[in-house]
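Residue 2 is where the sequence shown starts when you use the numbering used here, and the numbers rise one by one after that.
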Amino acid sequence: MKQTIFLFFLFALGINAQTTDFDKILDNIKSEYTQNPNKKSIDDIRKNLKVDGSFNGIDYTIKDKDLRSHLSKMSQLAQAYSNPNNTYYKDQTVYNDYIKAITFWINENHTPSNWWYRHIAYPKEMNKGLVFLIEEIKTKNPSLYRNIITYQEWAYLQKDHMEGANGADKIIGAFVAAVAEKDTNLLKEFSDLMKVLTSVQDGGEGIEKDFGFYSHSGNGRQIYTFGYGKEYLKSVLDYFLFTKGTQYNVQTLVNLEKMIIDHAQYLFHEGNYDPNPTGRYNNTFEYMNELKNIVTKMVSLNTVNKSALQEAYDRISGQKKDLEGNKMFWRGDYMAHKRTNFLSTVRMTSTRTVGAEAGNGSGNYNYYAGAGVNYTIHTGNEYNGTYFSKFNSKQFPGTTVEQNAVTLPVPNWGKDGKNNNDFAGGVSDGTNGASAMIYDKQGITANKSWFFIGNVVLALGSEISQNNGTSDVYTTLNQTNLEASKVSYFQNNNRFQINANMNMVNNANTVVLSSGIGYVPFDSNSYTVSTQNDLFKMYINHGVNPTKSSYAYLLMPNVTDATILNEVTKAKNNLRIEAQNESCHAVYDSVTSQYYIAFFKPYTLNLSTGLVVKVDNPCMIIINNNNSKFYVSNPYGEKANFQNIRLSITKNSRSLFDNSIQIIKTNESGKTFEYSYSTLGVIQARLDNGLSSEENVNIARLEGKLKIESKEEIKNIELYDINGRLIFIKKNINDRQVSIDVTGKEGILILKINENKTIKIF
Numbered sequence: 002m003k004q005t006i007f008l009f010f011l012f013a014l015g016i017n018a019q020t021t022d023f024d025k026i027l028d029n030i031k032s033e034y035t036q037n038p039n040k041k042s043i044d045d046i047r048k049n050l051k052v053d054g055s056f057n058g059i060d061y062t063i064k065d066k067d068l069r070s071h072l073s074k075m076s077q078l079a080q081a082y083s084n085p086n087n088t089y090y091k092d093q094t095v096y097n098d099y100i101k102a103i104t105f106w107i108n109e110n111h112t113p114s115n116w117w118y119r120h121i122a123y124p125k126e127m128n129k130g131l132v133f134l135i136e137e138i139k140t141k142n143p144s145l146y147r148n149i150i151t152y153q154e155w156a157y158l159q160k161d162h163m164e165g166a167n168g169a170d171k172i173i174g175a176f177v178a179a180v181a182e183k184d185t186n187l188l189k190e191f192s193d194l195m196k197v198l199t200s201v202q203d204g205g206e207g208i209e210k211d212f213g214f215y216s217h218s219g220n221g222r223q224i225y226t227f228g229y230g231k232e233y234l235k236s237v238l239d240y241f242l243f244t245k246g247t248q249y250n251v252q253t254l255v256n257l258e259k260m261i262i263d264h265a266q267y268l269f270h271e272g273n274y275d276p277n278p279t280g281r282y283n284n285t286f287e288y289m290n291e292l293k294n295i296v297t298k299m300v301s302l303n304t305v306n307k308s309a310l311q312e313a314y315d316r317i318s319g320q321k322k323d324l325e326g327n328k329m330f331w332r333g334d335y336m337a338h339k340r341t342n343f344l345s346t347v348r349m350t351s352t353r354t355v356g357a358e359a360g361n362g363s364g365n366y367n368y369y370a371g372a373g374v375n376y377t378i379h380t381g382n383e384y385n386g387t388y389f390s391k392f393n394s395k396q397f398p399g400t401t402v403e404q405n406a407v408t409l410p411v412p413n414w415g416k417d418g419k420n421n422n423d424f425a426g427g428v429s430d431g432t433n434g435a436s437a438m439i440y441d442k443q444g445i446t447a448n449k450s451w452f453f454i455g456n457v458v459l460a461l462g463s464e465i466s467q468n469n470g471t472s473d474v475y476t477t478l479n480q481t482n483l484e485a486s487k488v489s490y491f492q493n494n495n496r497f498q499i500n501a502n503m504n505m506v507n508n509a510n511t512v513v514l515s516s517g518i519g520y521v522p523f524d525s526n527s528y529t530v531s532t533q534n535d536l537f538k539m540y541i542n543h544g545v546n547p548t549k550s551s552y553a554y555l556l557m558p559n560v561t562d563a564t565i566l567n568e569v570t571k572a573k574n575n576l577r578i579e580a581q582n583e584s585c586h587a588v589y590d591s592v593t594s595q596y597y598i599a600f601f602k603p604y605t606l607n608l609s610t611g612l613v614v615k616v617d618n619p620c621m622i623i624i625n626n627n628n629s630k631f632y633v634s635n636p637y638g639e640k641a642n643f644q645n646i647r648l649s650i651t652k653n654s655r656s657l658f659d660n661s662i663q664i665i666k667t668n669e670s671g672k673t674f675e676y677s678y679s680t681l682g683v684i685q686a687r688l689d690n691g692l693s694s695e696e697n698v699n700i701a702r703l704e705g706k707l708k709i710e711s712k713e714e715i716k717n718i719e720l721y722d723i724n725g726r727l728i729f730i731k732k733n734i735n736d737r738q739v740s741i742d743v744t745g746k747e748g749i750l751i752l753k754i755n756e757n758k759t760i761k762i763f
């Protein structure tokens with residue numbers, strides 16, 4: 002008898018826990034959707050409600066029209082009826098009006114040809130009012146209740162479009178119905194799916210390994226941070242808040258937090274964001290309020306990343322000075338370079354990725370939206386407002402395109418959005434970076450690169466060729482909204498104003514300034530400046546069917562009439578183009594003492610300082626002369642047909658580094674990896690054989706330990722594997738003998754002693 006009572010007690014506890022969860026979830030949802038519409042709004046809505054439940058002013062006969070305004074009016078009725086502070090609180094005539102409107106909607110079942118409305122938009126919008134009345138409807142109108150449940154759960158139960166933002170949206174659309182039904186199986190399914198959707202993805206739908214957001218990737222990975230990424234964040238956060246404190250909650254949102262901290266916050270400046278990852282709705286500011294609300298919600302969750310999220314919010318909203326840094330989002334062939342006074346990005350494409358798509362009549366001009374598009378935001382006015390309704394879509398900033406009258410393909414859902422070469426990628430040390438692509442589209446081929454160094458962007462192009470063209474090929478430095486009073490040029494230290502509606506060709510000695518961004522030729526090309534059609538444009542004309550043409554120019558944000566010439570002199574003194582050919586683009590920056598190199602082919606590069614860099618496969622490299630470090634990435638990503646990059650760095654015939662760097666064939670393919678090399682050269686040592694006395698070091702390996710004896714005092718010691726990964730470090734030793742446990746560390750090791758001696762141990 003006691004056992005029976007005990008079992009019943011446990012059973013009752015389980016039922017009570019479930020009941021508590023359902024009540025808690027409903028309370029959480031109501032808290033999120035509570036509004037208090039004013040009396041006039043409700044009176045207007047009721048005045049326009051017809052006897053059949055439709056509203057005056059809405060044409061229900063147009064199949065593909067967005068009719069969410071009907072649902073919004075319904076939701077306001079429900080919110081007024083359920084809010085104790087509202088004039089119409091518990092007014093049964095308002096309840097009856099809601100019933101009339103929702104009955105009409107369910108029976109009408111408006112289904113546009115764009116599946117998204119019936120599957121996502123309509124169920125999500127309906128929830129905003131339904132949650133307040135669903136329990137009352139269940140009691141008073143059971144037949145209608147059953148129809149509502151069927152309507153709301155229908156889209157989710159189709160089990161299609163279940164990835165990324167769409168999957169999260171479908172869960173939210175069906176959520177109120179599942180809770181009202183106390184459907185534990187469906188709620189458990191939601192929880193399991195949400196855990197999958199919030200994990201790092203591999204297939205181009207959701208948050209990828211670089212913490213960018215990707216969507217609509219059927220034709221190639223498509224970065225979509227400010228389009229579907231925004232919707233994904235909203236729905237996942239809603240789910241998290243709705244289920245908080247229940248068994249159905251997702252335990253961590255760390256990947257969403259990293260999406261904001263390590264990705265999105267790098268893409269804002271002056272109240273605008275980069276239009277590159279906005280998808281088919283190109284814009285720079287329309288989502289700002291939604292994005293700020295998203296981060297505010299994330300801050301309110303009080304996770305361990307709260308302070309970092311708050312800082313991100315303060316930067317995004319302009320309350321705090323922008324962060325500085327450089328990020329390569331290798332899954333999207335996309336680099337962002339952030340400084341206090343500007344943001345500059347480049348969106349490349351390869352055979353793995355596509356540019357911004359078109360779809361449902363939007364983004365029809367996006368054919369070249371991934372062709373090396375280099376947006377630079379300084380004032381915030383460059384690409385906002387009506388820019389995308391008036392710009393020339395064959396002159397996206399940074400692109401090299403034939404200016405013919407041919408109608409371009411519309412890249413619906415990413416179709417035709419790829420580049421026809423595998424090579425596209427970038428390398429970053431976190432502060433500065435370099436990116437490059439082998440461009441191949443519409444019969445034009447070119448090697449293109451961008452070097453984001455400090456407060457400038459140096460762009461190089463070579464091997465620009467076309468055989469079957471009919472019109473001039475332009476490389477566009479920039480195309481922005483025009484601020485006519487802020488455009489000037491400088492020749493022989495003299496300033497000249499450029500007025501609106503002008504078109505002028507300048508020689509290579511001309512420096513142009515437009516709205517705080519300087520344009521500095523680094524070669525002998527002529528440059529055209531246009532201020533027509535309310536746009537500022539600057540471009541190089543390579544002519545018809547160019548053969549191995551080239552360009553080199555500098556973008557210099559945050560300069561003025563008073564400072565630009567001095568800044569140009571500094572930049573030309575600091576930057577040196579080391580190579581610009583079919584095999585390699587390379588730049589040296591004396592300020593950072595770094596080489597930035599894009600190897601398009603196997604090549605031996607002789608640098609001006611005597612350094613010789615040789616690779617047997619294409620790669621991207623930054624070499625730092627000050628700290629003996631270098632950074633390497635694989636621009637072929639997961640499509641690399643080679644397993645290793647053999648890299649050697651020598652100076653004065655002495656080897657500083659000579660190893661094979663393994664290519665990772667995972668979702669980290671294309672990521673930057675850091676290595677070390679010796680500035681003095683590598684001493685060769687075979688285990689169990691002492692080195693020559695002139696090196697003053699003896700090494701032996703005994704019983705899993707590396708025993709090192711030196712005639713000079715050992716202060717610091719570092720041990721690396723063959724790939725340059727640190728496996729041991731010890732400082733302040735101040736002894737002549739050191740023992741290191743190397744159990745399990747087989748193969749070649751690199752030993753570094755006192756920062757001035759490097760030994761390669763066989």
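Cβ coordinates follow ideal geometry from the N, Cα and C atoms, glycine included.
Selection from the options that minimises the alpha carbon distance to residue i
i	options	result
Lys-64	Ser-114, Ala-641, Glu-182, Val-521	Ser-114
Gly-228	Gly-364, Lys-139, Gln-77, Phe-176	Gly-364
Ser-73	Tyr-123, Asn-87, Thr-94	Tyr-123
Leu-576	Lys-716, Thr-564, Ile-565, Val-592	Val-592
Cys-585	Asn-607, Lys-573, Thr-304, Glu-568	Asn-607
Tyr-475	Ala-572, Ala-447, Ile-454, Tyr-288	Ala-447
Glu-271	Ser-218, Asn-413, Phe-343, Val-177	Phe-343
Asn-108	Ser-83, Ser-144, Glu-190, Gln-36	Ser-144
Tyr-1	Phe-658, Lys-640, Asn-642	The chain is shown from 2 up to 763; residue 1 falls before or after that span and cannot be answered.
Lys-516	Gln-644, Leu-158, Asn-382	Lys is not the amino acid found at residue 516; the sequence shown has Ser there. When each option's Cα is compared against that of Ser-516, the closest is Asn-382.
Asp-98	Tyr-157, Lys-66, Asp-53, Val-132	Asp-53
Val-296	Val-305, Thr-285, Leu-310	Leu-310
For residue i, the first and last residue of its enclosing alpha helix (DSSP H)
i	result
Thr-570	565–575
Gly-519	Segment 518–522 is the beta strand (DSSP E) holding Gly-519; no alpha helix (DSSP H) there.
His-71	69–83
Arg-47	40–48
Gly-230	229–243
Secondary structure of residue i, DSSP reduced to three states
i	result
Ala-425	strand
Trp-116	helix
Val-305	coil
Thr-21	helix
Leu-681	For Leu-681, the predicted structure reports a pLDDT of 49, less than 50, and the residue's modelled location is therefore unreliable. A value from the coordinates is still provided. DSSP places Leu-681 in coil when its eight states are reduced to three.
Thr-744	coil
Thr-104	helix
Gly-221	coil
Val-177	helix
Ile-6	Because the pLDDT of Ile-6 is 45, which lies under 50, any placement of that residue in the model is unreliable, and the number read from its coordinates should be weighed accordingly. Three-state DSSP puts Ile-6 in a helix.
Ala-501	coil
Arg-647	strand
Val-255	helix
Ala-169	helix
Pro-143	helix
Phe-56	strand
Whole-number beta carbon distance between residue j and residue i, since they are thought to touch under 8 Å
i	j	result
Asn-482	Tyr-384	7 Å
Lys-125	Gly-165	So it is not a contact: roughly 15 Å between Cβ atoms.
Ile-261	Ala-179	Contact doesn't hold; Cβ gap of about 29 Å is too wide.
Residue i: first and last residue of the uninterrupted beta strand (DSSP E) it sits in
i	result
Phe-537	536–545
Glu-713	706–715
Gly-462	457–467
Tyr-604	604–607
Inset, instruction - Could you tell me whether the segment 553–561 touches the segment 512–520, where touching means 3 or more Cβ pairs closer than 8 Å? - result: Contact annotation: the segment 553–561 touches the segment 512–520, with at least three C-beta pairs closer than 8 Å.
Inset, instruction - Check whether the segment 607–614 touches the segment 463–475, taking contact to mean three or more Cβ pairs, one atom from each stretch, closer than 8 Å. - result: Segments in contact, no.
Legend entry - Cβ contact check for the segment 616–628 and the segment 455–463: 3 or more pairs under 8 Å: By the criterion of at least three beta-carbon pairs nearer than 8 Å, the segment 616–628 is not in contact with the segment 455–463.
Inset, instruction - Taking 8 Å as the threshold, find out whether the segment 315–329 comes into contact with the segment 402–415 through three or more Cβ pairs. - result: Contact fails: fewer than three Cβ-Cβ distances are below 8 Å.
Inset, instruction - Kindly confirm or deny that the segment 84–95 and the segment 23–41 touch, where touching means at least three C-beta pairs closer than 8 Å. - result: As far as the Cβ criterion goes, the segment 84–95 touches the segment 23–41, which means the pair count is three or higher.
Inset, instruction - Would you check if the segment 253–268 and the segment 225–239 touch, i.e. whether three or more CB-CB distances between them fall below 8 Å? - result: The answer is yes - the segment 253–268 touches the segment 225–239, with three or more Cβ pairs under 8 Å.
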